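**Q** What follows is a single structure, and I will ask about it in a moment.
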Amino acid sequence: MAGNRIMRDEPTSVHRPLEQRFQIFDKGTMQPSIKLFQVVHLTARNRSHVALLCGGGSGYEPAHAGFVGKGMLTAAVCINIFASPNASPVRRSIDLVDNEQGTLIVVKNYAGDVMNVGLSKEQYAALHPEKATRLKFEIVGNDVAVEKAQDDIVGRRGLAGTCILYKIAGALAGTYVSLDDATATFVQWALKSCDVTTKTDLGPGTAATESHLKADEIEIGMGIHNESGHKRLSPAPPFNELVPNLLELLTSTTDSERSFIPFQGKGDRVVLLVNNLGGLSELELGGVVNQARVDLEACLEGKGIKIERVLAGTLMTSLNMPGFSLTPLLLPSGNENAGPSAERILDIMDADTIAPGWRGPLNQRTGGIVQYSILEKPSKIEIG
């Protein structure tokens, strides 16, 4: 039987949440194409700007439909849970966002998404040869758990770092840049992501099964479709030891299998994304954010690396997987030949967007207004 869920029918689980999201926020339109296949797109937009389109399954909410909005995605194909789209909705979405400047199609690096969306793009180009040069295909992979030997064969999996690319590429696309400039390829080589979880989740409509993780185990590097990770720890370490374990994977410059971010040391600046994989409470997420920030600052202090922004929230989930991911983005040093400056990227991170799923940097939201104190001894509370 289906797992212990309120919504147990998979088609209902996909269609109704998409429908309500755009009834509530009124930011776009959902275009049903065929059963289980939906395209969410902006209805009012500037067609002199590059369009940004992504294709994939559902189950990662708010990714990807939640990032459709001015300043981020122009359209998103959202189909069955953890599935890859077929040609029909992808071609339909390319038609919906067609413009003179071109369309950037972004997919996370999973074989089904790359094959199906890539084939759909080629089919569309063959049907519309006059538009072929206005289409660009970007495959996003940032999973540090994938070793270099495997990376050379299938590439790194796409995780929450993809959301940062959406924000940067979407903002660039809205400023009259060319299709090549909006691609933001530089982001690919400047960020890593790593997940950690205590349990798998197979989704509505799927027979309930036991997690392959034992009650006292935790897995570092598990994929968002429950793919095997980097390693399992049993018993699970104390939380204050777990985060440094992840940060070592993410910031190492000596690990020949995983060191692909060009950290230089003194003078480096980063943006840190702390992402809820779906099953953490706000209380737990707050604890993760605090621990990650403290540990990352301690880890980087000796290397002369500064945290410029912290993004935290539920951006790319795996249904209600109890876990989180960390993603550092290395900002440009100024010595690169192309791409926006570090200050430009920080401005993009801070900029507003109408995309309902995006949460901006913590320091931008609080702005120093909120203060708190921790009392050494509890005060006596009198009632009545």
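Numbering (our numbering) for the sequence shown: 749 to 1132. For each residue, glycine too, the CB sits at the ideal point set by N, CA and C. Just so you know, these numbers come straight off a predicted model, no measurement behind them.
With respect to the alpha helix (DSSP H) encompassing Ala873, which residues constitute its N-terminal and C-terminal limits?
**A** 859-875
**Q** Starting from the Cα of Ala792, find the closest Cα among Lys947, Gly817, Gln786 and give me that residue.
**A** With distances taken between Cα atoms, Ala792 lies closest to Gly817.
**Q** Quick check: what's the CA-CA separation for Val798 versus Gly850?
**A** 5 Å
**Q** Do Asp891 and Arg905 have their C-beta atoms within less than 7 Å of each other?
**A** yes
**Q** Would Lys915 be called buried (16 or more neighbouring beta carbons within 10 Å of its own) or exposed?
**A** buried
**Q** On the premise that Ile912 lies in contact with Leu1044, defined as a C-beta separation below 8 Å, what is that separation, rounded to the nearest angstrom?
**A** Incorrect: roughly 16 Å between the Cβ atoms, too far for contact.
**Q** Nearest-angstrom Cα distance between Lys940 and Pro1076?
**A** 6 Å
**Q** Can you tell me the Cα-Cα spacing of Ala919 and Asp1095, whole angstroms?
**A** 10 Å
**Q** Please name the residue in Ala813, Ala917, Phe1011, Asn1038 whose C-alpha comes closest to that of Asn988.
**A** The residue with the shortest Cα to Cα distance from Asn988 is Asn1038.
**Q** What did DSSP end up calling Phe773 once you bin it into helix, strand or coil?
**A** Because Phe773 carries a pLDDT of 48, less than 50, the predicted location of this residue cannot be relied on, and the following value inherits that uncertainty. Of the three classes helix, strand and coil, the one that applies to Phe773 here is helix, per DSSP.
**Q** Can you tell me whether Gly909 is buried or exposed, with buried defined as 16 or more other CB within 10 angstroms of its CB?
**A** buried
**Q** Would the segment 859-867 and the segment 969-979 be scored as touching if the rule is three or more Cβ pairs under 8 Å?
**A** Too few Cβ pairs lie closer than 8 Å, so no.
**Q** Using three-state DSSP, classify Gln779 as helix, strand or coil.
**A** Residue confidence for Gln779 is low, a pLDDT of 49 falling below 50, so the modelled location carries little weight; the figure read from the coordinates is stated next. Strand at Gln779.
**Q** Can you name the start and end residues of the alpha helix (DSSP H) that Pro992 belongs to?
**A** 987-999
**Q** How is Ile1102 classed by DSSP in three states: helix, strand or coil?
**A** coil
**Q** Using C-beta distances below 8 Å, list every residue in its chain close to Gly903, excluding the 5 sequence neighbours before and after it, in chain order.
**A** The answer, listed in chain order, is Asn857, Ile887, Gly889, Val894.
**Q** In whole angstroms, what separates the C-alpha of Ser1081 from that of Ser1004?
**A** 23 Å
**Q** Can you give me the C-alpha to C-alpha distance between Tyr872 and Val838, rounded to a whole angstrom?
**A** 9 Å
**Q** Compute the minimum distance between the beta carbon of Ser796 and the heavy atoms of the ligand FAD, and state whether it is under 6 Å.
**A** Among the ligands in the structure shown, none appear at all, so the ligand FAD cannot be discussed.
**Q** Only counting the same chain, and skipping five residues up and downstream in sequence, which positions put a Cβ closer than 8 Å to that of Ala835?
**A** Asn864, Leu867, Ser868, Gln871
**Q** Tell me whether Ala921 sits in a helix, a strand or coil according to DSSP, three-state version.
**A** helix
**Q** Once DSSP output is grouped into helix, strand and coil, what is the label at Ala984?
**A** Three-state result, Ala984: coil.
**Q** Thinking C-alpha only, which one of Gly819, Leu990, Thr933 is nearest Thr1100?
**A** Note that residue 1100 is Asp in the sequence shown here, rather than Thr. The shortest Cα separation from Asp1100 among Gly819, Leu990, Thr933 belongs to Gly819.
**Q** Taking only beta-carbon positions, decide if Gly819 is within less than 7 Å of chain D.
**A** Looking at the structure shown, chain D is missing, and only one protein chain is on hand.
**Q** Does DSSP put Gly977 in a helix, in a strand, or in coil?
**A** Coil at Gly977, not helix or strand.
**Q** Under a three-way DSSP split, which group does Ser806 fall into?
**A** strand
**Q** For the structure I just gave you, are there three or more beta carbon pairs, one from the segment 1004-1016 and one from the segment 1049-1056, closer than 8 Å?
**A** yes
**Q** Can you check DSSP and say which residues form a bridge with Cys826?
**A** Gln786, Gly804
**Q** From Glu965, Ala963, Ala1040, Ser1029, pick the residue whose C-alpha is nearest to that of Glu996; which is it?
**A** Sorting Glu965, Ala963, Ala1040, Ser1029 by C-alpha distance to the C-alpha of Glu996 places Ala1040 at the top.
**Q** Look at Leu994 and Cys942 and say whether their C-beta atoms are less than 7 Å apart.
**A** yes
**Q** Thinking C-alpha only, which one of Gly1035, Cys826, Glu878, Gly1105 is nearest Cys802?
**A** Cys826
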